[in-house]
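UniProt numbering applies: residue 1 is where the sequence shown begins, and numbers increase by one.
Ideal Cβ placement from N, Cα and C applies to all residues, glycine included.
Reviewing the structure listed below.
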Amino acid sequence: MAKRAANGAVSEVESAHGSKRARREQARDSEEEYEEDEHRATQPALTQAQRDLALGDDEAFEAKYRDQVRKEIEEKGARRAQKTGEIAEYGIIEKIELVNFMCHSRTTVPFGPQINFVIGHNGSGKSAVLSGIAIALGGRSASTGRGTGLKSFIKEGEGVAEVTITLKNEGLDAYRPDVYGDSIRITRRFTDKGSSSYIIKGAKDKYKKTISSKREELTNITDHMNLQVDNPVVVLTQDTSRQFLASSKPKDKYQFFLNGTSLTQLSDEYETILESLKKTETILQRQRQFTEAQSKYREAQAAQQQSKRVEELEKEMAWAYMKRKKIQMEALVADHEIAKKNVEKAQALVDTAQTDLRTAEEEINTASQQEEADDNAGSIEDQRRKIREDIKNKRDRLKEIKNQKSEMNNALQQCNSAIKDLTERINAEEAKLQDGRRELREKLNSDMERVTKQTKAEELNLNECRANIANLTQLIQAKQSEKREINASREKLRSDIDSAQHNIQRLEGSQRNAINKFGSDLHRALADIDKHQWMGQKPLGPLGQYVELKDARWAELARIYLGNLMASFAVTDARDREPLSRILQKYGNSQPNIIVGEVDLFDYSHGEPPAHILTPLRILNIKNEWVVRLLINGAFIERTCISRTRAEAQQLLDTVNGVNVVLSADLMRSQKYPDGGFFTSAMRKLRSDDRANWYFAGTDPAEQIRVEKEKLASLEEEHKSITPRITEIDTEGKAMTVKVKELQTLEGNLRRKVFKLRDELARLNEQAEEEAPASVQGLQEARKEEEERKQSILDQFKAVADRDAALNSELKPLVEKLDEIRKQAEQTERRNIENKRRLEPLLERRLMAVKSIEHYQKKLEVAMKDLNDAAQAEGIVVIEYDEWHREALNISQPIETDRTPESIEAETEIIKKALRDRERRHGQSIEEIAQEVQSTQEALDRTREELKSIKSFNKGLQLAMNLRLDTWHIFRRHISLRTKQQFSYYLGQRGYRGSIDFDHKLHTLDLRVITDESNPYAKDKDPKALSGGEKSFSTICLLMSLWEALGCPIRCLDEFDVFMDQVNRHIAMQTMVSTAKASDKKQYIIITPLDVSSNIAAGVRIHKMADPERGQTQLPFASAS
1 MAKRAANGAV
11 SEVESAHGSK
21 RARREQARDS
31 EEEYEEDEHR
41 ATQPALTQAQ
51 RDLALGDDEA
61 FEAKYRDQVR
71 KEIEEKGARR
81 AQKTGEIAEY
91 GIIEKIELVN
101 FMCHSRTTVP
111 FGPQINFVIG
121 HNGSGKSAVL
131 SGIAIALGGR
141 SASTGRGTGL
151 KSFIKEGEGV
161 AEVTITLKNE
171 GLDAYRPDVY
181 GDSIRITRRF
191 TDKGSSSYII
201 KGAKDKYKKT
211 ISSKREELTN
221 ITDHMNLQVD
231 NPVVVLTQDT
241 SRQFLASSKP
251 KDKYQFFLNG
261 TSLTQLSDEY
271 ETILESLKKT
281 ETILQRQRQF
291 TEAQSKYREA
301 QAAQQQSKRV
311 EELEKEMAWA
321 YMKRKKIQME
331 ALVADHEIAK
341 KNVEKAQALV
351 DTAQTDLRTA
361 EEEINTASQQ
371 EEADDNAGSI
381 EDQRRKIRED
391 IKNKRDRLKE
401 IKNQKSEMNN
411 ALQQCNSAIK
421 DLTERINAEE
431 AKLQDGRREL
441 REKLNSDMER
451 VTKQTKAEEL
461 NLNECRANIA
471 NLTQLIQAKQ
481 SEKREINASR
491 EKLRSDIDSA
501 QHNIQRLEGS
511 QRNAINKFGS
521 DLHRALADID
531 KHQWMGQKPL
541 GPLGQYVELK
551 DARWAELARI
561 YLGNLMASFA
571 VTDARDREPL
581 SRILQKYGNS
591 QPNIIVGEVD
601 LFDYSHGEPP
611 AHILTPLRIL
621 NIKNEWVVRL
631 LINGAFIERT
641 CISRTRAEAQ
651 QLLDTVNGVN
661 VVLSADLMRS
671 QKYPDGGFFT
681 SAMRKLRSDD
691 RANWYFAGTD
701 PAEQIRVEKE
711 KLASLEEEHK
721 SITPRITEID
731 TEGKAMTVKV
741 KELQTLEGNL
751 RRKVFKLRDE
761 LARLNEQAEE
771 EAPASVQGLQ
781 EARKEEEERK
791 QSILDQFKAV
801 ADRDAALNSE
811 LKPLVEKLDE
821 IRKQAEQTER
831 RNIENKRRLE
841 PLLERRLMAV
851 KSIEHYQKKL
861 EVAMKDLNDA
871 AQAEGIVVIE
881 YDEWHREALN
891 ISQPIETDRT
901 PESIEAETEI
911 IKKALRDRER
921 RHGQSIEEIA
931 QEVQSTQEAL
941 DRTREELKSI
951 KSFNKGLQLA
961 MNLRLDTWHI
971 FRRHISLRTK
981 QQFSYYLGQR
991 GYRGSIDFDH
1001 KLHTLDLRVI
1011 TDESNPYAKD
1021 KDPKALSGGE
1031 KSFSTICLLM
1041 SLWEALGCPI
1051 RCLDEFDVFM
1061 DQVNRHIAMQ
1071 TMVSTAKASD
1081 KKQYIIITPL
1091 DVSSNIAAGV
1101 RIHKMADPER
1111 GQTQLPFASA
1121 S
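As structure tokens, this is what we get:
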């Protein structure tokens, strides 16, 4: 008895989840079904025992039927080895065709009626086959786990994709076989624009015309064949299987169980019926009430009072508008006064800014007086160099004089010593004359006289030799000085030659790229500037590329005055200064001049002189308006005047008001000071190697190159003519040097000879002293000669001293002059630095003043416009106020109100609308409406009677729903029991033990697996604790357990064995193949990247995908039948 109950319950479960065909068979006779439902509605839903069994304790239910269900499963498993299941007549897939779908360009995959393995390497498009099945049969793209929309399934580079699936449609239960034949061909086409369409037709010859393109027809087909592609158990993707046991929660597993077994669908349908019942009762309870008719009557009575209220509101609204107009008039009068004050304030700000501008310009002009110091810097340096050379020459000569004076002092000391010695000897001789050795003394005196004469002669020769050496030395120094001057000239010529050669190279380079005349490799620097990401606008520059000279006669003046600005760049953001500087320096432009400022195109016309006076702005053609403003701010090109001569400049300063600075073509700068004084200075000329020499030189680079080459030839010729003179000076200098060396040798010989004669004379003196008294007269003559020699030395010393004094007197003013020039140069340098330091803030002040004038003039214009507008508005509103006041008096006497016209008008419109609605809605008198109230009351009573009968019908429907819900709970309990036992059975094939714990109240499902069956004390494991192979095997066991309760004719599984070890995979594969072979009318499509050749058996078809070449068509396959 219990067995029959269990079998009956299972049978009901299978029928509930079977095909729609089975349900249609049970409902072919609609009349009988209606009578059966009526009978059920009048009978109790279930017996008490059945309800207790259905809704009672799950453990008691399992204890009662567990063994029986387990025995049935084991018997069924034993029969599978000997039984081959029937082939389905309809609802299975014959083949699928993929065109531009995922990685497939054009691929066809045929399927067998039972077991199909699709194998291949990673990337070969195996999983795309399952995705194609789901998409073709109307499944959601999200359920494939491969994309978020249909567009994501289109092959890269293609615009449209197609998936075509052919379904078997044979047998008595085929779907519309007269229209489709034995096969149904379903094509789904979708594009990258988001459109999607279906083509449904037969697959055989006479059925190939399109039958339908509607989704409803596809739904009818899938319902008829019970194809549930969105069911996660029917099509289990690898992502779903991987996440199911690894990360899902018990509630998620329970929901997966309900969805897979279609219990959710039945539950949702029952819930929909219940909601419909509730909605029906709600609709019936919301019938039209009697109060509607009564409200009509009350509305009609109120309408008369509302018409009078409208008249009162219209009068009140007229004076509300008058009150608002008065407030508006008072506000506009106040605005007019405010506008007057704003004009006065704006005019005062403009006057203040103009005063600041004049003050800044006066201070700038005063600071510009110091510019002449830099103009004379070159001549001061030349003077300093020449004076240094003169001082060096004179100091060299003084050194020689000092040496001569030292020698003379030595000679003078010798003379003094000799005179003293002679005097002593004379005194001694005079004493000896009294002795008898007169003759010997006379001989000694004779020898001493002779030696003394020789000594004087040789000393005279020595002095002459020394004088010659001094003269030649002076001549050599003069030659060296001349040579230095010539060398300096030659160096300058060499520098000019190098500069000319460099200019020719740069001109030839600029001939190829004209922009390079403003800097080194600017064409490459500008390319980098174009590529860089700037904080502000892209830098502007060099400014010279936007400037042309109208008249060539002003070229040199323009080069000197504007040359520095022509190579400048401008940026609008200070943060761009540093990166721009790095780019320019990268190509050899050291210390580039970069201007930072906004693009302010201010009006400069107020600062220009009369039209007949030339300015730098008027002699230039400037192609960029911002460049014009930059040159105005940097060089005052709009107000600095230009003349041909210095005299004309002076005349302009004297006769034209507002002209303060004039530049003349003769390169003079004339300036008038605010106090009436004038100052004129020469403009600093450009160096020969200054890049500015190229600016404003015309547009013919070839002509400039020719001029530079002529200049180079002239310089080289001059340099060549100087070289012979240097050779001549070197030759003369060498000859003089040789002569000096000869004289120095002679001087040495003479000096030694003099010393020898002096020694001889001393020896004679000693002998005379020892042997005999010398002649007193000879001694006296010798003393006289020494005294004469002393006098000669004194005379020579005086001459040398005079030359020494003369040279010192000449040297002192030179030293003083050099010190003065040094101080002057330092003072000039300090003045230039101070001038630049003062000019920077002054220029900034001038720029700010110009911008302020521009800003405040705009504000003044706006204020004047606002004043005119305010005056006009005030006049208009006063006139309107008078007219409105007269019209309001025609309507009624003045009424005091605090309400706004809008609120009054809104109330008026509400009342008028209510009146219009009542007329449109009713169009009846009060008596007619009263009659309608009575008839409505009668209709309401009849409706209440009808409602009673409807409630009786709903009560019967509710009883039927209770029966269905009780049966659903029984279905769920039986399916749960069979799933548990089936799961345990499949685990046992591997030697594992396990269980499924259902909690239908909390809606949870937990899995437990014991992998060590030999150990009775082994603890069960949570799926997260299982290894990859164990986890995959457990997933397959659960999936096959759910397949047992599934009515869909196809089962699809993707890469179930990726993480399995060889043993688990082998057992799982055998179990699935045996189960599939024994299944009736079921088709299996299994995706695996591994080899399954060992599992080939009857009814198994293996499809091997080609390696990922993205171009395969018909797939090769092996089949065992």
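**OP:** Could you check how far apart the C-beta atoms of Glu598 and Thr572 are, in whole angstroms? I think they sit under 8 angstroms.
**Re:** 6 angstroms
**OP:** Consult DSSP for Leu1046 and reduce its assignment to one of helix, strand or coil.
**Re:** coil
Subject >> Selected residue, minimal CA-CA separation from Ser809, among Met448, Lys456, Lys912, Ile391 >> reply: Ile391
Original post:
Is the Cβ-Cβ distance between Ile92 and Ile1086 less than 8 angstroms?
Top reply: no
Original post:
In the structure shown, what three-state DSSP assignment does Tyr673 receive?
Top reply: coil
Original post:
What did DSSP end up calling Glu229 once you bin it into helix, strand or coil?
Top reply: Looking at the sequence shown, residue 229 is not Glu but Val. It is coil, neither helix nor strand.
Subject >> Identity of the residue in Gly159, Ala203, Ser195 nearest Tyr180 by Cα >> reply: Ala203
**OP:** Rank Ala1045, Cys415, Asn445 by C-alpha distance to the C-alpha of Ile426 and give the top, closest one.
**Re:** Asn445
Subject >> Separation of Tyr198 from Arg215, as counted between CA atoms >> reply: 7 angstroms
**OP:** Could you name the residues that DSSP lists as bridge partners for Met864?
**Re:** BP columns for Met864 are empty, so no partner.
Subject >> Local Cβ density within 10 Å of Gln796, reported as buried at 16 or more and exposed below that >> reply: buried
**OP:** Would you list the residues sitting across from Ile186 in a DSSP beta bridge?
**Re:** Ile165, Ile200
Original post:
Rounded C-beta distance between Met668 and Arg687? I'm assuming under 8 angstroms.
Top reply: That belief does not hold up - the Cβ atoms of Met668 and Arg687 are roughly 19 angstroms apart, past 8 angstroms.
Original post:
For Glu94, which three-state DSSP category applies?
Top reply: strand
Original post:
Considering only residues of the same chain and omitting the five flanking positions on each side of Lys709, which have a CB-CB separation below 7 angstroms?
Top reply: Ile504
Original post:
Can you give the Cα-Cα distance for Glu728 and Arg494, rounded to whole angstroms?
Top reply: 20 angstroms
Original post:
What are the residues that DSSP puts in a beta bridge with Asp1006?
Top reply: Asp997
Subject >> 8 angstroms contact criterion, which Lys1077 and Gly1047 should meet: CB distance rounded >> reply: Contact flag wrong, Cβ pair sits at about 19 angstroms.
Original post:
How about the region 1058-1077 and the region 109-126: do they share at least three Cβ pairs that are nearer than 8 angstroms?
Top reply: yes
Original post:
On the three-state DSSP scale, how would you describe Thr1088?
Top reply: strand
Original post:
Quick one: what's got a C-beta closer than 6 angstroms to Phe678's C-beta in the same chain, skipping five residues either side?
Top reply: Lys672
Original post:
What are the boundary residues of the beta strand (DSSP E) that includes Ile595?
Top reply: 594-596
Subject >> C-alpha distance - Asp690 paired with Val547, whole-angstrom precision >> reply: 19 angstroms
**OP:** Could you check the C-alpha separation between Gly157 and Arg146 for me, to the nearest Å?
**Re:** 18 angstroms
**OP:** If I'm right that Asn416 touches Lys790 with Cβ under 8 angstroms, what's the distance once you round it to whole angstroms?
**Re:** 7 angstroms
Subject >> Terminal residues of the alpha helix (DSSP H) in which Asn633 lies >> reply: 625-635
**OP:** Express the C-alpha separation of Gly519 and Pro542 in angstroms, rounding to a whole number.
**Re:** 9 angstroms
**OP:** Taking only the alpha-carbon atoms, compute the straight-line gap between Glu59 and Glu1055 and give it to the nearest angstrom.
**Re:** 36 angstroms
Subject >> Beta-carbon proximity of Ser141 to Leu150, cut-off 8 angstroms >> reply: yes
Original post:
Looking at Lys550 and Asn621, is the spacing between their C-beta atoms short of 8 angstroms?
Top reply: yes
Subject >> Sub-8 angstroms separation of Ser143 and Asp230 beta-carbons >> reply: yes
**OP:** Please say whether Ala339 and Ala870 have beta carbons closer to each other than 8 angstroms?
**Re:** yes
**OP:** Reducing DSSP to helix, strand and coil, say where Met668 ends up.
**Re:** strand
Original post:
With 16 other CB atoms within 10 Å as the buried threshold, where does Met408 fall?
Top reply: buried
Original post:
Among Thr352, Ile469, Gln404, which has the Cα closest to the Cα of Lys798?
Top reply: Gln404
**OP:** Answer with buried or exposed for Phe971, where buried requires no fewer than 16 other C-beta atoms within 10 angstroms of its C-beta.
**Re:** buried
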